[in-house]
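Visitor:
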Amino acid sequence: MKLMSKRAGILFTLCILFAAGMMFLLFSYVKDAPKWATSPVNQHLYKGGELVRAGQILDAKGVMLASTVENERVYNPDENTRVALMHLVGDPAQGVGTALQVTYRSKLVGWDYLNGTYHFGNKIGNNIRTTVDADLARAAYAALGGRRGTVGVMNYKTGELLCMVSAPSFDPAAPPDIESDPEKYDGVYINRLLSATYTPGSIFKLVTAAAAIDNIPGIGSREFVCEGSYDLLGTEITCPAVHGRQSFEETMVNSCNIAYAQMAAELGPETMTAYAEKAGVMKSPELDGIGVANGHFSLNNATPGEIGWAGVGQSDTLVNPLSYLGYVAAIAGGGDAVKPHIIKSIRTPNGFPARFELDLPVDESILAQGTAGKLQQMMRADVVNGYGEGNLAGYGLSAKSGTAEVTDGKEPHSWFCGFLDSETAPLAFIVIVENGGAGSSAAATVARTVLEAAVGA
Ligand SMILES: [Zn+2]
Numbered sequence: 006m007k008l009m010s011k012r013a014g015i016l017f018t019l020c021i022l023f024a025a026g027m028m029f030l031l032f033s034y035v036k037d038a039p040k041w042a043t044s045p046v047n048q049h050l051y052k053g054g055e056l057v058r059a060g061q062i063l064d065a066k067g068v069m070l071a072s073t074v075e076n077e078r079v080y081n082p083d084e085n086t087r088v089a090l091m092h093l094v095g096d097p098a099q100g101v102g103t104a105l106q107v108t109y110r111s112k113l114v115g116w117d118y119l120n121g122t123y124h125f126g127n128k129i130g131n132n133i134r135t136t137v138d139a140d141l142a143r144a145a146y147a148a149l150g151g152r153r154g155t156v157g158v159m160n161y162k163t164g165e166l167l168c169m170v171s172a173p174s175f176d177p178a179a180p181p182d183i184e185s186d187p188e189k190y191d192g193v194y195i196n197r198l199l200s201a202t203y204t205p206g207s208i209f210k211l212v213t214a215a216a217a218i219d220n221i222p223g224i225g226s227r228e229f230v231c232e233g234s235y236d237l238l239g240t241e242i243t244c245p246a247v248h249g250r251q252s253f254e255e256t257m258v259n260s261c262n263i264a265y266a267q268m269a270a271e272l273g274p275e276t277m278t279a280y281a282e283k284a285g286v287m288k289s290p291e292l293d294g295i296g297v298a299n300g301h302f303s304l305n306n307a308t309p310g311e312i313g314w315a316g317v318g319q320s321d322t323l324v325n326p327l328s329y330l331g332y333v334a335a336i337a338g339g340g341d342a343v344k345p346h347i348i349k350s351i352r353t354p355n356g357f358p359a360r361f362e363l364d365l366p367v368d369e370s371i372l373a374q375g376t377a378g379k380l381q382q383m384m385r386a387d388v389v390n391g392y393g394e395g396n397l398a399g400y401g402l403s404a405k406s407g408t409a410e411v412t413d414g415k416e417p418h419s420w421f422c423g424f425l426d427s428e429t430a431p432l433a434f435i436v437i438v439e440n441g442g443a444g445s446s447a448a449a450t451v452a453r454t455v456l457e458a459a460v461g462a
């Protein structure tokens, strides 16, 4: 009897181990099978490392960006389109890790858990339609004019990204020898909208202003005085101009460092950190499952001077362009953040949806409506009294510029972000031109060109 129960015990243990092993195998299969099946070593799907059985990638209007023809991966016939959209679509060597040909590989080759990749026989995998407009991407890349930088344009009501361009780029149909010119192709595989972070400079004043509107009593009737330099408890805060006496509204048009440093010091590290967090500075939302770089904001043990400079956007703060575009979109949308996305649909070759398409925008209120409204008004005043609206009169262009000092002795980066207060074109935008110089000029010119293309002005 004792022997029997011992054997039963061993048998029972073996059964448990077997079940655990099966569970592990099943778990690994569910977790990693799409990766195994669509790995570049799978010769059914790749030729010389390239995708040869993947479906099409289309722009928002249905323009073919990438396709497979007779086992060859081909790209749009127009070189400018190929270059402008290389970071979205991907390159043959799969160097851009965030591109759709890498991140949506299993969807493109039509892999699924039930059938693997066999079900389509000689057919080609799923087609992905993106939200991006190829015409706009071309206009944006051309407007950057050979300089490094990025342009993002998003519909702030739906979250659809209409434009995502990163420079430098290259032609995926004729990839250059990157190694031969490291200077020209520096960071070429990085999609700067998604994967880069930059010092925000004065565009961060939109975060400080939101905190001030909510937390400094009577801010609307406060007067700020700028004499070009100010001693903030032992730290000198400098301003590029002498702005004299100014109302809270005027501090934004003037982009006065002294006013914003004073506000930040008065608000204190906890409130400033809370508003940076609301703005999505430290944690970027994913873009349809594609990872986006996180920024940085920390006032641990900061002196009042450091808090002041942080409020101006010139400390060790870093922001990711897409994430900050989301904040600007929330201001434009009356305080509600809408989740950005880039995939319109994924369809089988027969036209059936290849994923659940529940594109309900997930709204999250990050600013009170009144706070967003006040910021909208101040950004509109910036354009009317400062930057000018060019050919965009009638579209309610509202914006904030920024200059981000760089440490390598080169020209500073130029930022321009904002939105159109328009029912027909509810667009938020962000532009950074690396080493574009001080002031709004470089980035604002790019932004206006792209927005004019977007609205047909
Ligand atoms: Zn000033």
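Residue numbers for the sequence shown follow the numbering used here, beginning at 6 and rising by one.
Cβ coordinates follow ideal geometry from the N, Cα and C atoms, glycine included.
DSSP three-state label for Tyr-109, please.
Guide: Looking at Tyr-109 - three-state DSSP - the assignment turns out to be coil, as it is neither helix nor strand.
Visitor: According to the neighbour-count rule (16 or more other Cβ atoms, all chains shown, within 10 Å of its Cβ), is Tyr-123 buried or exposed?
Guide: The pLDDT assigned to Tyr-123 is 46, lower than 50, so where the model puts this residue is not dependable, and the model offers no usable value.
Visitor: Determine the DSSP secondary structure at Leu-323, reduced to helix, strand or coil.
Guide: Three-state DSSP puts Leu-323 in a strand.
Visitor: For Gly-423 versus Ala-448, is the C-beta distance shorter than 7 Å?
Guide: No; because the gap between Cβ atoms is not below 7 Å, this pair is not in contact.
Visitor: Less than 7 Å between CB atoms is the rule here; does Gly-444 satisfy it with respect to chain B?
Guide: In summary, chain B is missing from the structure at hand, where a single protein chain is found.
Visitor: Are the beta-carbon atoms belonging to Gly-407 and Ile-208 less than 7 Å from one another?
Guide: Contact: yes.
Visitor: Beta carbon of Ile-263: closer than 6 Å to some heavy atom of ligand 1?
Guide: Yes, the Cβ of Ile-263 comes within 6 Å of a heavy atom of ligand 1.
Visitor: I need the boundaries of the alpha helix (DSSP H) containing Phe-424, first residue and last residue.
Guide: Unbroken run through Phe-424 is the beta strand (DSSP E), 418 to 425; no alpha helix (DSSP H).
Visitor: Which residues in the same chain have their Cβ closer than 6 Å to the Cβ of Ala-24, if we skip the five residues on either side of it in sequence?
Guide: No residues qualify anywhere along the chain.
Visitor: Have a look at Arg-78, Ala-71, Met-268 and Leu-198 and flag the residue whose alpha-carbon is nearest the alpha-carbon of Ile-224.
Guide: Out of Arg-78, Ala-71, Met-268 and Leu-198, Met-268 has the C-alpha closest to the C-alpha of Ile-224.
Visitor: In the DSSP assignment, the beta strand (DSSP E) including Gln-251 goes from what residue to what residue?
Guide: Unbroken beta strand (DSSP E) run through Gln-251: 249 to 252.
Visitor: Using only alpha-carbon positions, find the residue among Ala-148, Leu-402, Arg-385 and Asn-325 that is nearest to Pro-173.
Guide: Answer by Cα proximity: Ala-148.
Visitor: For the beta strand (DSSP E) containing Ala-230, list its first residue and its last residue.
Guide: Looking at the sequence itself, residue 230 is Val, so the reference to Ala does not match. Note, Val-230: beta strand (DSSP E), 228 to 231.
Visitor: When the distance is taken between beta carbons, is Ala-139 closer than 7 Å to Thr-86?
Guide: In contact: Thr-86 and Ala-139 (Cβ atoms closer than 7 Å).
Visitor: Out of Gly-233, Asp-83 and Thr-103, which one is the CA nearest neighbour of Ala-507?
Guide: Within the shown structure, residues of the chain are numbered from 6 to 462, placing residue 507 beyond reach of any answer.
Visitor: Any heavy atom of ligand 1 within a distance shorter than 6 Å of the CB on His-248?
Guide: Checking the Cβ of His-248 against ligand 1 gives yes.
Visitor: Contact between the stretch 246 to 255 and the stretch 191 to 205: three or more CB pairs below 8 Å?
Guide: The answer is no - the stretch 191 to 205 does not touch the stretch 246 to 255, with fewer than three Cβ pairs under 8 Å.
Visitor: Just list the residues that DSSP pairs His-346 with in beta bridges.
Guide: Its beta-bridge partners are Glu-165.
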